[in-house]
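Position one of the sequence shown corresponds to residue 9 (the working numbering), numbered consecutively onward.
Beneath this line is the structure, given in structure tokens, with notes to follow.
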Amino acid sequence: MPFIIISAVVAILVAILAIQNSMMVDLTLFMWSFRLNLVLVVLLSVICGLLLGLAWGITVKTRSLWRMRKLNEQISLLEDDKRILRDKVEQLMKAQGGVMDPADTSTTPAAAAVKQQPAPTPNPTAKY
9 MPFIIISAVV
19 AILVAILAIQ
29 NSMMVDLTLF
39 MWSFRLNLVL
49 VVLLSVICGL
59 LLGLAWGITV
69 KTRSLWRMRK
79 LNEQISLLED
89 DKRILRDKVE
99 QLMKAQGGVM
109 DPADTSTTPA
119 AAAVKQQPAP
129 TPNPTAKY
């Protein structure tokens, strides 16, 4: 909404500028010379600026959409890999006789193996 209001204010200011400066001006572009109304020069300049801004905005938006689509595809592939690995971990845990909660992501197979092994007892006769 603020963009529309700012655009309307700028358009009104350009229109006022063009109406108040309606004299003829000489323009030179390389070897060509033109005599145009200042209103047309101002309006053509504004239109060219808007078209360049629009082209730039479309380019930036297209790049960001393409990148977002590519990242979403990567997320989908990683989620598939995660599901496959979780299934393999469950199969391995079942094969070892342990039960692992599939929703428990804090426990890794290595941590589960460490939990199952008893802690070594110190040798009271050993001298350090």
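Glycine is no exception: its CB is placed at the ideal position from the N, C-alpha and C atoms.
Check                                                                                                      : Outcome
Same chain, Cβ closer than 7 Å to valine 49, five either side skipped, listed in chain order               : Val33 and Leu35
Neighbourhood of aspartate 95 by C-beta, 6 Å cutoff - its chain only, sequence neighbours within 5 removed : none
Beta-carbon gap between leucine 51 and alanine 26 smaller than 9 Å                                         : yes
Per-residue DSSP class, three states only, for leucine 62                                                  : helix
One or two residues paired with arginine 43 in a DSSP bridge                                               : Asp34
Helix, strand or coil at glycine 57 according to DSSP, with G and I counted as helix                       : helix
Sub-9 Å separation of asparagine 29 and valine 47 beta-carbons                                             : yes
Length of the line joining the Cα atoms of arginine 91 and glycine 57                                      : 51 Å
Whether valine 54 touches valine 22 by CB criterion (9 Å)                                                  : yes
Straight-line gap, glycine 65 to tryptophan 74 (C-alpha atoms, nearest Å)                                  : 14 Å
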